[in-house]
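Each remark here refers to the structure printed beneath this line.
There are 2 protein chains.
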Amino acid sequence: MKPAIAQRSFTVAVESPCRLPTSHRPAAVQTSHRRDEEPQGQRQRVGQHAHIFREGDRADRLYQLVDGAVMLYKLLPDGRRQVVELLSAGDVFGLSALPVYDCSSETLVASNVIAYERAAVEQSPELLRRLSAHVHAQLCALHEHAVLLGRKSALERVATFVMHCVPGRGGFDCAGPRCGGDSAVVRLGMTRQEIADYLGLTLETVSRAFSELRRRGIIAIDKQEEVRVHDVCRICQLTGAH
Amino acid sequence: MKPAIAQRSFTVAVESPCRLPTSHRPAAVQTSHRRDEEPQGQRQRVGQHAHIFREGDRADRLYQLVDGAVMLYKLLPDGRRQVVELLSAGDVFGLSALPVYDCSSETLVASNVIAYERAAVEQSPELLRRLSAHVHAQLCALHEHAVLLGRKSALERVATFVMHCVPGRGGFDCAGPRCGGDSAVVRLGMTRQEIADYLGLTLETVSRAFSELRRRGIIAIDKQEEVRVHDVCRICQLTGAH
DNA sequence: CGTTCACTTGACTTGGCTCAATTCAAGTGG
DNA sequence: CCACTTGAATTGAGCCAAGTCAAGTGAACG
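Residue numbers (the UniProt record's numbering), protein chains in the order written: chain A, 1 to 242; chain B, 1 to 242.
Right, dumping it as structure tokens:
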């Protein structure tokens with residue numbers, strides 16, 4: 001049960017560059033770029049379920065997600081895992097207080113990221129400013145998640161997670177209980193185990209919570225990864241936040 | 001059981017300025033300063049157990065802790081509370097993705113803070129850069145805390161908390177198991193309830209965990225707020241991180 | 001010297017975990 | 001096209017860690 005953290009490696013799973021529309025050279029170690037020292041960073045395409053970096057790797061670059069989805073997770077020595085952030089377009093990751101990364105990053109789906117040299121970012125005020133806005137939003141999301149992990153029941157956690165997946169809802173800008181029987185079809189994009197590791201539960205408990213929601217007629221599970229939410233408002237009511 | 005969040009107010013509990021060594025004027029609403037528009041921000045002294053801002057207040061300024069201790073917490077509508085961050089000197093708070101604060105901030109002990117206008121910070125690259133370093137460290141601390149809340153047992157949580165209180169240990173720079181029977185006396189500076197709200201437990205469970213540590217001869221509780229740690233290494237072993 | 005407030009401890013309850021079996025969906029190959 | 005394999009999800013049964021409720025203790029203070 002010893003964790004994957006032991007397999008330290010410079011995991012840079014760049015997808016076959018032939019899919020890139022730009023004239024990007026298929027450089028071996030992805031360090032070269034069109035113009036050297038460009039502060040705008042370097043775009044990379046990363047395949048599904050690939051690690052961009054691992055906990056403990058040297059943290060000499062940081063990343064911004066252009067599109068796709070990435071999860072950040074940490075492992076305890078005995079193998080327990082906690083997904084600490086779920087990232088979507090615009091989010092920043094790879095920041096660290098130490099010279100090494102504090103967590104691992106893995107794509108949930110094929111994604112595009114921009115890589116910046118850590119030193120370059122500290123040099124460029126404009127870049128720092130642009131990234132900061134996103135970092136602050138992520139800070140708030142982490143606060144919210146701490147409430148979930150520390151104080152919410154299993155059902156509330158899953159309800160919160162489903163809300164989070166509904167486009168335009170569940171975030172900071174969620175309009176709250178603007179009821180009206182609005183339904184939505186939601187792609188989870190994660191396995192039950194990954195959801196469990198995000199919500200601080202076991203996969204069985206997550207499964208039971210979904211079943212409970214189905215039993216109550218609040219959701220229907222179409223294709224195991226696809227959830228039909230009949231009434232978004234009713235789920236929102238179960239999150240504990242209203 | 002309805003929460004204190006209902007009592008919205010502009011809680012700026014500035015301590016009696018006569019204790020200030022500087023020639024700070026006892027301004028009524030603390031907006032004036034020696035030189036207007038100073039990007040360096042404005043120093044304030046805040047008494048113990050005072051709110052600097054509350055969840056939902058307009059977030060037009062952000063703060064850096066000079067000395068003392070501050071906790072940030074969030075409330076659920078039914079009164080459940082989660083302390084989301086414990087801050088010490090240098091830490092930044094009051095950042096938000098929205099125009100209002102996402103959490104409340106309360107001093108644990110009398111503290112000094114520097115208040116910056118939110119707009120001014122975005123203008124000043126140097127200031128932003130200086131604050132960012134701390135923000136990144138706090139991000140890592142939040143990741144660490146998510147692991148605690150999501151995956152650690154009650155005893156592991158309390159052990160982690162005690163480690164966190166040992167000066168120079170438990171943080172990112174903790175040397176790990178450099179054993180050698182080093183003891184330490186630790187001031188908690190928080191009630192059992194506050195600790196519980198930080199660790200996602202109840203105050204009874206926190207109390208039992210302390211008793212268990214005492215029973216095992218790992219700590220001794222001198223004055224209820226003061227814990228004598230006989231062997232830091234043994235506590236560290238119980239945190240789940242080693 | 002009583003009052004208060006924080007903490008501790010005990011008895012009981014329960015939500016979520018563990019372990020194990022079953023179902024379901026999606027290949028794979030004969 | 002169907003039997004088989006494989007991996008993920010669901011469901012059930014039992015258990016235990018942590019929560020709840022209720023005393024009891026002890027230090028601080030007027």
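Note that the Cβ used here is the ideal one computed from N, Cα and C, for glycine as well.
Owing to the predicted nature of the structure, the values given are computational and were not obtained by experimental measurement.
With a threshold of 8 Å between beta-carbons, can residue i be considered close to chain B, or not?
i, result
"D102 of chain A", "yes"
"A132 of chain A", "Note that residue 132 of chain A is Ser in the sequence shown, not Ala. True, the Cβ-Cβ gap to chain B drops below 8 Å."
"V84 of chain A", "yes"
"R208 of chain A", "no"
"V70 of chain A", "no"
"G56 of chain A", "no"
"H242 of chain A", "yes"
"L108 of chain A", "no"
"H143 of chain A", "yes"
"R169 of chain A", "no"
"G189 of chain A", "no"
"R80 of chain A", "yes"
"L76 of chain A", "yes"
"G150 of chain A", "yes"
"L128 of chain A", "yes"
"G200 of chain A", "yes"
"R228 of chain A", "no"
"E122 of chain A", "yes"
For residue i, which residues in the same chain have their Cβ closer than 7 Å to its Cβ, ignoring the five residues on either side in sequence?
i, result
"L149 of chain B", "G200"
"S23 of chain B", "Caution applies to S23 of chain B, whose pLDDT of 33 falls short of 50 and renders its modelled position unreliable; the model cannot decide the point."
"G41 of chain A", "I114, A115, Y116"
"R61 of chain A", "G94, A115, Y116, E117, R118"
"L238 of chain A", "L155, E156, A159"
"E212 of chain A", "L155"
"V100 of chain B", "G56, D57, R58, A59"
With a CB to CB cut of under 6 Å and the five nearest residues on each side skipped, what residues in its chain are close to residue i?
i, result
"E85 of chain B", "L72"
"Y63 of chain B", "F93, G94, V113, A115"
"R157 of chain B", "L148, L199"
"R43 of chain B", "I114"
"G170 of chain A", "M163, H164"
"H230 of chain B", "S183"
"R192 of chain B", "L203, V206, S207"
"E106 of chain A", "H51, M71"
"S132 of chain A", "none"
Since I believe residue j is in contact with residue i (beta carbons under 8 Å), could you give me their beta-carbon distance rounded to a whole number of angstroms?
i, j, result
"A184 of chain A", "V121 of chain A", "With a Cβ gap of about 37 Å, A184 of chain A and V121 of chain A do not count as contacting."
"A89 of chain B", "V70 of chain B", "A89 of chain B to V70 of chain B, Cβ: 10 Å. No contact."
"D78 of chain B", "C140 of chain A", "Not confirmed; about 21 Å, so no contact."
"A59 of chain B", "A146 of chain A", "That belief does not hold up - the Cβ atoms of A59 of chain B and A146 of chain A are roughly 19 Å apart, past 8 Å."
"S104 of chain B", "R54 of chain B", "4 Å"
"H134 of chain A", "D91 of chain A", "6 Å"
Take residue i and list the residues in its own chain whose beta-carbon comes closer than 8 Å to its own, dropping the five residues that flank it on each side.
i, result
"I221 of chain A", "F210, R214, V227, R228"
"S153 of chain B", "G240"
"E194 of chain B", "M71, V83, L108"
"L142 of chain A", "V84, E85"
"K74 of chain A", "E55, R81, Q82, V84, D102, C103, S104"
"I218 of chain A", "V229, H230, D231, R234, I235, L238"
"L98 of chain B", "A59"
"R130 of chain A", "none"
What are the boundary residues of the beta strand (DSSP E) that includes residue i?
i, result
"E55 of chain B", "Note, E55 of chain B: premise wrong, no beta strand (DSSP E); not H, not E."
"G68 of chain B", "61-75"
"T107 of chain B", "104-117"
"V84 of chain B", "81-87"
Is residue i close to chain A? Criterion is C-beta to C-beta, closer than 8 Å.
i, result
"H49 of chain B", "no"
"H136 of chain B", "yes"
"P99 of chain B", "no"
"A146 of chain B", "yes"
"K223 of chain B", "no"
"L65 of chain B", "no"
"C140 of chain B", "yes"
"L155 of chain B", "no"
"L95 of chain B", "yes"
"E117 of chain B", "no"
"residue 243 of chain B", "The question about residue 243 of chain B has no answer, for chain B in this structure spans 1 to 242."
For the alpha helix (DSSP H) that contains residue i, what are its first and last residues?
i, result
"V166 of chain B", "Here V166 of chain B belongs to no alpha helix (DSSP H), and DSSP marks it neither H nor E."
"Y198 of chain A", "192-199"
"I235 of chain A", "232-238"
"A146 of chain A", "125-151"
"A209 of chain B", "203-215"
At a threshold of 7 Å, does residue i count as lining the ligand NAD (C-beta to nearest heavy atom)?
i, result
"G150 of chain B", "The ligand NAD is not part of the structure shown, which contains no ligands of any sort."
| message | Check whether the region 42-51 of chain B and the region 108-115 of chain A touch, using three or more Cβ-Cβ pairs below 8 Å as the test. | response | no
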